[in-house]
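In our numbering, each residue's number is its place in the sequence shown (first place is 1) plus 11. All C-beta atoms, glycine included, are put in the ideal place defined by N, C-alpha and C. All values derive from a computational prediction rather than experimental measurement. Working notes for the structure below.
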Amino acid sequence: MNTKRWVALVAAAVLIAFSMGLNAMMAIFKTNFLHSFDTVLPMSGDIVINESVLEPGDGNKRIALLTVNGTIQDLGSGNAWTQVEYDHQLFMNQLEIILVDESIQAVVLAVNSPGGGVIESAAIHKKLLEIKEQRQIPIYVSMGTMAASGGYYIAAPSDKIFALKETITGSIGVIMQGINYSELAEKLGVKFETIKSGPHKDMFGGSRETSEEELAMLQEMIDEMYEEFVDIVEAGRGMSEADVKKVADGRILGGTQALKAGLVDEIGTLDDTITAIRADFDLEEAELFEYAKPEDSLAALFGMKVGSMFGPSLEERFLTRILTTHNAPRAMYLYGDF
Numbered sequence: 012m013n014t015k016r017w018v019a020l021v022a023a024a025v026l027i028a029f030s031m032g033l034n035a036m037m038a039i040f041k042t043n044f045l046h047s048f049d050t051v052l053p054m055s056g057d058i059v060i061n062e063s064v065l066e067p068g069d070g071n072k073r074i075a076l077l078t079v080n081g082t083i084q085d086l087g088s089g090n091a092w093t094q095v096e097y098d099h100q101l102f103m104n105q106l107e108i109i110l111v112d113e114s115i116q117a118v119v120l121a122v123n124s125p126g127g128g129v130i131e132s133a134a135i136h137k138k139l140l141e142i143k144e145q146r147q148i149p150i151y152v153s154m155g156t157m158a159a160s161g162g163y164y165i166a167a168p169s170d171k172i173f174a175l176k177e178t179i180t181g182s183i184g185v186i187m188q189g190i191n192y193s194e195l196a197e198k199l200g201v202k203f204e205t206i207k208s209g210p211h212k213d214m215f216g217g218s219r220e221t222s223e224e225e226l227a228m229l230q231e232m233i234d235e236m237y238e239e240f241v242d243i244v245e246a247g248r249g250m251s252e253a254d255v256k257k258v259a260d261g262r263i264l265g266g267t268q269a270l271k272a273g274l275v276d277e278i279g280t281l282d283d284t285i286t287a288i289r290a291d292f293d294l295e296e297a298e299l300f301e302y303a304k305p306e307d308s309l310a311a312l313f314g315m316k317v318g319s320m321f322g323p324s325l326e327e328r329f330l331t332r333i334l335t336t337h338n339a340p341r342a343m344y345l346y347g348d349f
């Protein structure tokens with residue numbers, strides 16, 4: 012190997028050793044290292060959730076700041092080699108903690124998402140309702156750049172929703188898309204040989220035209236999910252079905268438009284949302300904290316640097332995703348491209 016390669020290997024070894032040592036020290040002492048992590052909460056499996064205090068205050072009356080950033084899909088957890096923008100199981104674990112942690116007196120949910128999977132969005136919505144019913148604590152939502160479709164679905168049950176004027180929200184509805192590549196395959200001389208147990212087993216799979224009967228089946232399924240979405244907004248916002256359906260045709264709205272339509276309560280920032288929940292529920296002296304994974308620590312930054320040097324290349328990761336991902340169409344509460 013050349014000198015540059017040897018230097019990279021030595022640097023990587025030092026970084027790995029430092030990363031392991033730093034994580035071990037944090038786990039043993041559980042200190043306020045670099046003012047980042049205060050409490051380590053062991054969860055089921057291999058997930059460990061840390062708490063990071065954002066605004067010190069009364070530890071018996073705390074406000075939890077949760078964040079949903081990115082497409083709401085259960086794609087597993089990231090590591091030093093592969094990062095995920097949104098970790099669904101980690102977020103669900105955070106909600107479970109809030110159910111049993113009586114020191115938490117309020118929740119602020121920051122949403123910056125185009126939506127995502129129907130199942131994942133419904134799971135978040137259900138757990139938020141459990142928190143409201145069992146804990147009887149307020150939940151305020153702060154919308155960021157985007158809180159559309161599934162992003163709005165999870166915001167609907169909150170007590171108050173804040174949006175920026177520039178926020179893209181709405182997109183109430185369901186979508187399912189597939190690619191029909193049968194004509195392209197025919198031009199290329201590709202023939203599909205399919206053995207199936209029934210005439211509809213390969214429906215909407217892309218290798219043939221979808222029949223009118225099959226389109227009707229899929230439309231019925233999508234309509235049922237859509238009505239569920241409308242019901243969620245009705246219940247969460249206290250709106251009539253007619254008022255919801257005026258803007259529930261898939262359209263997107265800006266923050267001001269959403270305010271006029273009754274989909275949000277106020278125009279304001281995340282700081283405004285936190286200030287409001289403090290004032291509304293006598294929580295001015297409450298501690299504000301958020302959850303974070305160990306991978307958010309300084310040690311993990313070194314891990315990611317090592318990953319960038321020795322992990323798979325961007326092209327390799329892209330090809331692996333194509334070859335290992337099953338591209339069956341799925342219903343989504345999603346705004347934008349799949």
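Bridge partner(s) assigned by DSSP for residue i
{"i": "ARG73", "result": "ILE115 and GLU298"}
{"i": "TYR344", "result": "GLY127"}
{"i": "ALA167", "result": "Looking at the DSSP assignment, ALA167 forms no beta bridge with any residue, so it has no partner."}
{"i": "MET154", "result": "VAL122"}
{"i": "ILE172", "result": "VAL152"}
{"i": "ASN80", "result": "ASN123"}
{"i": "ALA133", "result": "According to DSSP, which records beta bridges pairwise, ALA133 is partnered with nothing at all."}
{"i": "GLU66", "result": "LEU299"}
Cβ neighbour criterion (16 or more within 10 Å) applied to residue i
{"i": "THR42", "result": "Confidence at THR42 is low in this model, with a pLDDT of 38, below 50, so its placement is unreliable and no value can be given for it."}
{"i": "GLN116", "result": "buried"}
{"i": "GLN188", "result": "exposed"}
{"i": "ASP57", "result": "The pLDDT assigned to ASP57 is 46, lower than 50, so where the model puts this residue is not dependable, and the model offers no usable value."}
{"i": "GLN105", "result": "buried"}
{"i": "GLU144", "result": "exposed"}
{"i": "ILE142", "result": "buried"}
{"i": "GLY127", "result": "buried"}
{"i": "GLY155", "result": "buried"}
{"i": "LEU65", "result": "exposed"}
{"i": "SER169", "result": "buried"}
{"i": "VAL201", "result": "exposed"}
{"i": "TYR344", "result": "buried"}
{"i": "LEU199", "result": "exposed"}
{"i": "PHE102", "result": "buried"}
Cβ-Cβ distance between residue i and residue j below 9 Å
{"i": "ILE206", "j": "GLU277", "result": "no"}
{"i": "ILE83", "j": "GLY161", "result": "yes"}
{"i": "TYR151", "j": "THR284", "result": "yes"}
{"i": "ILE183", "j": "GLY279", "result": "no"}
{"i": "ASP254", "j": "ALA227", "result": "no"}
{"i": "ALA75", "j": "VAL111", "result": "no"}
{"i": "ALA167", "j": "GLY68", "result": "no"}
{"i": "GLY87", "j": "SER124", "result": "no"}
{"i": "PRO149", "j": "ASP293", "result": "no"}
{"i": "PHE215", "j": "LEU195", "result": "no"}
{"i": "TYR346", "j": "ILE179", "result": "yes"}
{"i": "SER63", "j": "GLU301", "result": "yes"}
{"i": "MET236", "j": "VAL185", "result": "yes"}
{"i": "ASP85", "j": "ILE130", "result": "yes"}
{"i": "LYS176", "j": "GLY265", "result": "yes"}
{"i": "ILE233", "j": "ALA342", "result": "yes"}
{"i": "GLY217", "j": "SER193", "result": "yes"}
{"i": "ARG146", "j": "ILE190", "result": "no"}
{"i": "LYS256", "j": "VAL241", "result": "yes"}
{"i": "HIS211", "j": "GLU223", "result": "no"}
From the options, residue whose alpha carbon lies closest to that of residue i
{"i": "ILE243", "options": "MET214, ALA259, GLU197 and GLU231", "result": "ALA259"}
{"i": "GLU298", "options": "GLY70, LEU140 and ALA166", "result": "GLY70"}
{"i": "SER153", "options": "THR286, LYS72 and GLU62", "result": "THR286"}
{"i": "ARG289", "options": "ASN61, GLU225 and LYS72", "result": "LYS72"}
{"i": "LEU139", "options": "MET157, TYR164 and GLY128", "result": "TYR164"}
{"i": "LEU270", "options": "ALA174, THR156 and VAL95", "result": "ALA174"}
{"i": "GLN100", "options": "GLU113, VAL79 and SER114", "result": "VAL79"}
{"i": "PRO340", "options": "ASP282, VAL122, LEU77 and THR221", "result": "THR221"}
{"i": "GLU96", "options": "GLU107, GLU113 and VAL122", "result": "VAL122"}
{"i": "MET157", "options": "GLU296, GLU107 and ILE263", "result": "ILE263"}
{"i": "LEU281", "options": "GLU197, ARG219 and LEU77", "result": "LEU77"}
{"i": "ARG219", "options": "GLU113, ILE60 and GLU197", "result": "GLU197"}
CB contact check: residue i to chain C, cutoff 9 Å
{"i": "ALA166", "result": "Looking at the structure shown, chain C is missing, and only one protein chain is on hand."}
_Please give me, in chain order, every unbroken run of the alpha helix (DSSP H) with length at least 4 that falls completely inside the segment 223-297._
223-248, 252-256, 266-272 and 281-291
*Hey, which unbroken runs of the beta strand (DSSP E) at 3 residues or more fall wholly within the segment 177-202?*
179-181
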